[in-house]
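Sequential numbering of the sequence shown, starting at 11, is according to this note's numbering. All residues carry an ideal CB built from backbone N, CA and C; glycine is no exception. Remarks on the structure that follows.
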Amino acid sequence: MSQAITFWFGCALVALILEFMSGTFYLLMVALAMSCGGIAAWLGMPETAQWLIASVCGGAGVLLIRQRKRRKIVPPPPGDDPDWGQQVQIRTLTSPGHARIFYRGAEWDAQLQDENLNAGDAGYICGRDGNLLKISSKQPE
């Protein structure tokens, strides 16, 4: 029984450390789910029940985060942002949905809002998250 408790809380600790390094809430839900499995082991439940409880808690946590992200209200575009609607040149695709763009004489990190944007295409700035520019294929109004 103590091996199962050590396993569950050890895995929860690893997931929590990875959460601190990545900054997503998904791994926090995984750590919480593994802690629930550890609590089930501490209460003396059979191994099947421990896995079932951890799975249900993890699935519910991930779904809650996903729904909360979907409900998040996007603020209206700032009226005083001089970059809003400006044309940019997409230099390279760095990962799915992300690229390096050329704008104002420098390269910037960008998040592509449209899947049909490729390297070499022109796009338009439709938002910003800190220094990360959000790029669309159509000029925003």
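Pick from the options that is closest to residue i, judged by C-alpha positions
i: Ala59; options: Ala14, Arg110 and Ala132; result: Ala14
i: Asp139; options: Gly54, Leu53, Gln121 and Glu151; result: Gln121
i: Ala129; options: Ile75, Ser65, Lys144 and Leu103; result: Leu103
i: Asn141; options: Leu127, Asp90 and Asp119; result: Asp119
i: Trp94; options: Gly115, Thr16 and Pro150; result: Pro150
i: Asp91; options: Glu125, Cys136, Ile75 and His108; result: Cys136
i: Leu73; options: Phe35, Gly115 and Val98; result: Phe35
Same chain only: Cβ atoms within 8 Å of residue i, ignoring 5 sequence neighbours per side
i: Thr117; result: Note that residue 117 corresponds to Glu in the displayed sequence, not to Thr. Counting only Cβ-Cβ distances below 8 Å, and skipping sequence neighbours, we find Arg101, Arg110 and Ile111.
i: Leu26; result: Leu37, Leu38 and Ala41
i: Ser45; result: Trp18, Phe19 and Ala22
i: Ile75; result: Phe35, Tyr36 and Met39
Per DSSP, cross-strand counterpart(s) of residue i
i: Tyr36; result: Tyr36 is not bridged to any residue.
i: Ser65; result: Per DSSP, none; premise fails for Ser65.
i: Thr102; result: Arg110
i: Ile145; result: Leu122 and Ile135
i: Gln97; result: Tyr134
Residue span of the beta strand (DSSP E) that contains residue i, given as start and end
i: Trp118; result: Ala116 to Leu122
i: Gly54; result: Element bounds for Gly54: n/a, residue is neither H nor E.
i: Gly133; result: Ala132 to Asp139
Own chain partners of residue i with C-beta closer than 7 Å, once the 5 adjacent residues on each side are dropped
i: Ala43; result: Ala64, Cys67, Gly68 and Gly71
i: Trp52; result: Ile15
i: Gly48; result: Ile15, Trp18, Phe19 and Ala22
i: Glu29; result: Leu37, Leu38 and Ala41
i: Leu127; result: Ile100, Gly133, Ile145 and Ser147
i: Asp131; result: Ile100
If we count Cβ pairs, one from each stretch, closer than 8 Å, do we get three or more for the stretch 48 to 58 versus the stretch 74 to 84?
Taking 8 Å as the limit for Cβ pairs, the verdict is that the stretch 74 to 84 does not touch the stretch 48 to 58.
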